[in-house]
């Protein structure tokens, strides 16, 4: 009977492959002729034939509260069908690249990656994300590497260098890669892009928007605080904004200390000096050091809660400016702790840190983090009723089990989160499974290198179910310890910086297996995909970009990076569809998404860092960045091999429409400016570029200047002689 079933499956596969063949061959022929819209229609028809389901629309969307094991139409087919489906998606991406439609290209390339990703869902034993699962089918491997290489090229053209490196560096099939796949991966290009920082100072001076669907201009402005007062540079601190004041407490001064338990505030309207507030009164014996904790502000009671893993939750009374403590109940039961008696009543999560927290209404939500039983991370998701002070478990466990749980996010530390404007969904992105940190405790899943998650989840606060969201648009690369905040005035979530423990970087003769970031991204919850629309007539014979589908990928990969956002924008070639196109296939394409990512292009930016804090002043809608750290081997410093901490304050301005107090939209702050004023505001010549100042004379940043630093030397000479001249910019 088993042989009969296997024969039936093979027969079905052969039938489906034969059914899709005419459409695919028609697409190849149209692609050879440069008729890319006709090719697209044919490839879409081929995809539907391979899926053999009239009730679905591609790209597949995240199912409502569907957990992580989704996209059943991709799980069911055998590997051969998946291979041809990925081949069609890659060809669709090539068509989009040919007509310079980056958003559509990234959509199809992500779809190909999702097809490959679902192969793990067909296994009887659920696997964690950091466990590589590959099918030893050379053609399937080739299509995956092709999708990643093409995506790397598109991200590089858009200026998203971190994703460009990630797609070409972390392909996920290193153990079974073939010589052909190695050629497609292009190790020469991989070496070139791994020498970049993210963003790279040499590229940002002329950054401009070339794809409005995936990019937006912004600027970072350093806020000058006249006197630092009690404030010291730090990492691993906690903070929030309330009533126009920035509150910062705790953290670590440098790698070896000191550990702080102070608490300070700064008036953002008049940032003259930091003011000391009562220090955190609890002893380290009770709470441990104040490192990587989180504040959660309850507006209704004007309390800033500080959960440290014990049943006694501390909070700061924002009106009285005093620390107080409240007794909670049910934490042991909610965390499912079954340890020894000493922890039973008071501290089931002793040593708790590295979590992400949000307050929604009268509830505090706490996800992930580390504690005395794990240094790698957990996926425990707790809720505290701030009226009854009773804890409740929503999902997850205190430690990682033997098998993965596809119904909720995987175990992690230092993820980022936000809540949407309606207070309906809790979003979770990124974080790290610190497998190297687990080696000291001989934890299950411990290894030499950590794993940075590449996922986005949302939790329905009403139905209390998780949904694995699709990564749509110009997405941030996998990262941990990133700064993240939701801005209600913009109705956008913003992510800045962070760290990846498995991200190759080559600086001259030094190779680092990790990376720090200073790039900025924005999640737009109400924006959907935009598909290219074919013009009404045939193209000219010389409008062809790729002449052969077999060489389309290598042609796209060989295009220089100077055709992206860092030079004169590329004018999209008008590739027109013949009258024999199949619009009925395009009509079935899915347009609805649960949000889209955009890259915020800034010509200047704060230094590369992790464990910084993004905060929004609810009254003004201004977005601020404070503090953090970076490894001094990564950024030039006189003290290599240590960490440099910050206590600087920055304001981010993004050129998008704001929502006023009545819910009406206000125009973006750069929209009404002329070109000259816009350039001045964007500070293309004088902007601070990470740890460097851009040279006013030549516009370069870093240790070497195109002008040889002659402008600075001459100005110093004139100042010494008391000579005043007016320097005119000639560039």
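In the numbering used here, the protein residues as written are 224 to 954.
Glycine residues also receive a C-beta, built at the ideal position from the N, C-alpha and C atoms.
On a predicted model such as this, the values are computed, not experimentally measured, just so you know.
Measure the CB-CB distance between residue 430 and residue 812 and report whether it falls below 7 Å. no
Excluding sequence positions up to five away, which residues of its chain have a Cβ less than 7 Å from the Cβ of residue 724? Closer than 7 Å at Cβ, skipping near neighbours: 655, 672, 673, 675 and 737.
Under three-state DSSP, which class holds residue 339? helix
Measure how close the beta-carbons of residue 467 and residue 492 come, nearest whole angstrom, since I'm counting them as under 8 Å. 6 Å
Short Cβ contact (7 Å threshold) for residue 443 with residue 844: no
Could you tell me whether the region 369-378 touches the region 340-350, using the rule of 3 or more Cβ pairs below 8 Å? no
Between which two residues does the alpha helix (DSSP H) holding residue 410 run? 410-416
Please state whether DSSP places residue 237 in a helix, a strand or coil. helix
Which of the three DSSP states, helix, strand or coil, is assigned to residue 531? In this structure, DSSP gives residue 531 a state outside helix and strand, which the three-state scheme calls coil.
Assess, as a yes-or-no matter, whether the region 290-305 is touched by the region 358-374 under the definition of 3 or more beta carbon pairs within less than 8 Å. Yes: the two stretches touch, three or more of their Cβ pairs being nearer than 8 Å.
Between the alpha carbons of residue 630 and residue 290, how many angstroms are there, rounded? 4 Å
Compare the Cα-Cα distances from residue 471 to each of 459, 585 and 652 and report the closest residue. 459
Rounded Cβ spacing between residue 591 and residue 575 (contact assumed at less than 8 Å): Rounded, the Cβ-Cβ distance is 10 Å, inconsistent with contact.
If contact is defined by three or more beta carbon pairs under 8 Å, each pair taking one atom from either stretch, is the region 420-438 in contact with the region 738-745? yes
Residue 516 to residue 719 span [Cα, whole Å]: 19 Å
Compute the Euclidean distance between the alpha carbons of residue 469 and residue 728, then round it to the nearest angstrom. 35 Å
For residue 354, count neighbouring C-beta atoms within 10 Å of its own C-beta (all shown protein chains included) and say buried if the count is 16 or more, exposed if not. It is exposed - the Cβ of residue 354 has fewer than 16 other Cβ atoms within 10 Å.
Coil, strand or helix - residue 284 by DSSP: coil
Grouping DSSP H, G and I as helix and E and B as strand, with all else coil, what is residue 295? In the structure shown, residue 295 adopts helical secondary structure according to DSSP, grouped into three states.
Classify residue 685 as buried or exposed, calling it buried when 16 or more other Cβ atoms lie within 10 Å of its own Cβ. exposed
Beta-carbon separation (whole angstroms), residue 581 vs residue 649, contact threshold 8 Å: 6 Å
Confirm, please, whether the CB-CB distance from residue 499 to residue 453 is below 7 Å. yes
Grouping DSSP H, G and I as helix and E and B as strand, with all else coil, what is residue 621? coil
Answer yes or no: do residue 570 and residue 533 have a C-beta to C-beta separation smaller than 7 Å? yes
In the structure shown, what three-state DSSP assignment does residue 305 receive? helix
Length of the line joining the Cα atoms of residue 603 and residue 705: 20 Å
Looking at the strands, I want to know which residues DSSP matches up with residue 722. Under DSSP, residue 722 takes part in a beta bridge, and its partners are 703 and 739.
State yes or no: is the C-beta of residue 841 within less than 7 Å of the C-beta of residue 260? no
At which residues does the alpha helix (DSSP H) containing residue 672 begin and terminate? No alpha helix (DSSP H) holds residue 672; DSSP gives it neither H nor E.
Beta-bridge partners of residue 656, as assigned by DSSP: 674
Anyone know if the C-beta pair for residue 525 and residue 541 falls short of 7 Å? yes
Contiguous beta strand (DSSP E) assignments of at least 3 residues, all confined to the region 469-521: Within the region 469-521, the complete beta strand (DSSP E) runs of at least 3 residues are 482-490, 498-500 and 518-521.
Go ahead and label residue 319 buried or exposed: buried means 16 or more other beta carbons lie within 10 angstroms of its beta carbon, across all protein chains shown. buried
Please name the residue, chosen from 549, 878 and 873, that lies closest to residue 610 on a Cα-to-Cα basis. Ranking 549, 878 and 873 by CA distance to the CA of residue 610 puts 549 first.
Please go through the same chain and pick out, in chain order, the residues whose beta-carbon is closer than 8 Å to the beta-carbon of residue 514, but skip the five residues on each side of it. Result list for residue 514: 459, 473, 474, 475, 482 and 576, in chain order.
Range of the contiguous beta strand (DSSP E) that encloses residue 866: Start and end: 866-877.
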